[in-house]
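Take a look at the structure set out below.
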Amino acid sequence: MFTKAQALAVTQMLAVMFARLPAQEEYYDFHELSQVYDFIIGSAGAVLANRLSSRPSLRVLLLEAGGVEDTLSAVPLMATLALQGPKDWAYWTEPQRNACLALTQQRSPWPRGKVLGGCSSINFMLYVRGHPEDYNRWSREHGATGWDWDSVLPFFKRFEDQTDIRLAASGMYGVGGELTVSSPASHTPLAQAFLEAGKELGYDILDYNGGRQIGFSPFQTTIRNGSRWSTASAFLRPVAGPAGRKNLHISLHSTANRVLFEGQRAVGVEFVKGGRKRTAFATREVILSAGVIESPHLLLLSGIGPREQLEEFGIPVIADLPGVGENLAEHVYPGALSASIDRKLDIDITPFAGPLLYYMQNKGIQTSPYSPQHDSAARLTLALNPS
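For any residue, its number in the working numbering is found by taking its place in the sequence shown, counting from 1, and adding 500.
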């Protein structure tokens, strides 16, 4: 009756219809904005905005260039459809010499969230703390005191709510925090085959967030009850709204133009909202947390960066700071993996039962953005080609 492609299309459409609607824009952005706050913070600082506003005496303004999450982004299986859409800045890299060889002009799309919750509202919900040695190197080689692994681990634990009983019992995770961390409810046969293949190659099956990362591991995701659990869902939605914290103001569709300075002290932000230029001032701090692309961009627009670049565009120099806007690096990622298997390993897609199961019980293929729900890391020696 249905081809698999048709069944998948029906499943996806019904999943969108059935998904629980997230809070609407009026829920977050309803305050009359003040002229002065204690702290002004970018949307990537959702966690910090939550922590600061927990003190009623502190007035906090959070600026977001986009709107809020929609029904589409709430369904994990639909994650791909959020990319290159209105909630994505839709950046592209410059042509690469030694990467993106299979892509047109060797340019790669670089999704960035233009939505409350940032990239956590459009990404594939994979929860990765990072390699402990990266943190240790920051402390050891770059003088970032307090950023070694043992120092940052308690902060991870504080906001985590690890729902995998086995992982929670390991002592490596927090339980009861705002950000839900979950494992796939069940492994597909293909996922299990992938893990078994790793064992045959001599790798361990491990927890990649548990301190060791050379091996094969099931994914961990920021999915709660079958739906995306972004930083907006975890840290802003519970404290926003008319019944929420009166000292936290969230301004949507507010694009920062520049940070305002008195001498070399940041005192406010100029931004555009509703086609009108506005300013807000901070008596304590302007916290620059606009994301990996927009943070250095905003610094440059504000007069902080290499003098020659600023003067080229007629931007008054606040601080000659070489390195701003440079040295950006992305993690190495192979875009495709092919393997031969000796038997049929399909995911059963039923046109109507699947969406109904998702709606009634928050179960089924809609609850995972990935198949086959696994990850792997091998120790690689990379040869740098200067040409």
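The beta-carbon is built from N, C-alpha and C at its ideal position, and this holds for glycine as well.
Residue nearest to residue i in terms of C-alpha spacing, selected from the options
| i | options | result |
| --- | --- | --- |
| G676 | K657, A685, F719, F539 | K657 |
| I787 | S683, A756, T722 | A756 |
| D648 | G630, E660, T663 | G630 |
| R745 | S554, E532, Q535, L533 | S554 |
| A565 | G613, L552, L577 | G613 |
| A685 | N725, A579, V792 | N725 |
| A766 | R776, S754, A782 | A782 |
| L701 | V772, F716, Y708 | F716 |
| L679 | K777, D650, M625 | M625 |
| G671 | R640, W638, G711 | G711 |
| P611 | N827, G814, V792, V832 | V792 |
| A732 | L548, L616, K587, K773 | L616 |
| Y627 | D634, Y673, R807 | Y673 |
| F530 | E762, R776, L748 | L748 |
| Q535 | E641, Q809, K777 | K777 |
| V772 | P869, N623, S754 | S754 |
| L760 | L736, I815, F719, G775 | I815 |
| Q662 | P689, L810, T722 | T722 |
| C619 | G763, W638, A590 | A590 |
| A829 | P718, F719, N598, V817 | N598 |
| Q720 | L667, E762, P632, A697 | L667 |
Residue i burial status per 10 Å Cβ neighbour count (16 or more: buried)
| i | result |
| --- | --- |
| P738 | exposed |
| W729 | buried |
| I714 | exposed |
| D484 | An answer regarding residue 484 cannot be provided, because it is not within the stretch 501 to 887 covered by the chain. |
| T867 | buried |
| G643 | exposed |
| Q584 | exposed |
| R559 | buried |
| P869 | buried |
| S621 | buried |
| F813 | exposed |
| Y635 | buried |
| G646 | exposed |
| D704 | exposed |
| L884 | Here the model assigns L884 a pLDDT of 38, short of 50, so the residue's position is not dependable, and the following value carries that caveat. Per the 10 Å Cβ criterion, exposed. |
| D588 | buried |
| G768 | buried |
| A743 | exposed |
| G763 | exposed |
| E811 | exposed |
| P556 | exposed |
| E532 | exposed |
| V681 | buried |
| A519 | Only weak support exists for where A519 lies, its pLDDT of 49 falling under 50; the value from the coordinates is given anyway. Classification of A519: buried, given that the 10 Å Cβ count is 16 or more. |
Other residues of its chain near residue i: CB distance less than 7 angstroms, five sequence neighbours each side excluded
| i | result |
| --- | --- |
| L581 | L572 |
| P595 | Q605, Q606, R607 |
| Y527 | A740, G741 |
| E785 | F539 |
| L552 | F539, L558, V560 |
Residues bridged to residue i (per DSSP)
| i | result |
| --- | --- |
| L679 | E660 |
| G585 | Bridge partners of G585: none, in fact. |
| Y537 | A782 |
| G805 | D820 |
| G567 | V615 |
| Y833 | Answer is none; Y833 lacks a bridge partner. |
| W592 | P609 |
| R728 | I723 |
| E770 | R758, T779 |
| V560 | F539, L748 |
| L626 | T721 |
| R765 | E762 |
| I787 | I541 |
| I665 | DSSP lists no partner for I665. |
Own chain, CB closer than 6 angstroms to residue i, minus 5 neighbours either side, in chain order
| i | result |
| --- | --- |
| D664 | S683 |
| R758 | E770, L801, S802 |
| S727 | A574 |
| A734 | E678, L679 |
| P525 | The amino acid occupying residue 525 in the given sequence is Glu; Pro does not appear at that position. Within the same chain, E525 has close Cβ partners G567, V568, L752. |
| T593 | R607, S608, W610 |
| L561 | Y537, I540, H749, A780 |
| C600 | Q606, S608 |
| P822 | P806 |
Close-in-space but distant-in-sequence residues of the same chain around residue i (CB under 8 angstroms, 5 per side omitted)
| i | result |
| --- | --- |
| S795 | G542, A544, L788, S789 |
| H797 | A790, G825 |
| S639 | T645, G646, W647, D648, S651 |
| E633 | W649 |
| K699 | I705, F716 |
Is there contact here, the segment 682-695 with the segment 540-555, by at least three beta-carbon pairs under 8 angstroms?
In short, these stretches do not touch, since the Cβ pair count stays below three.
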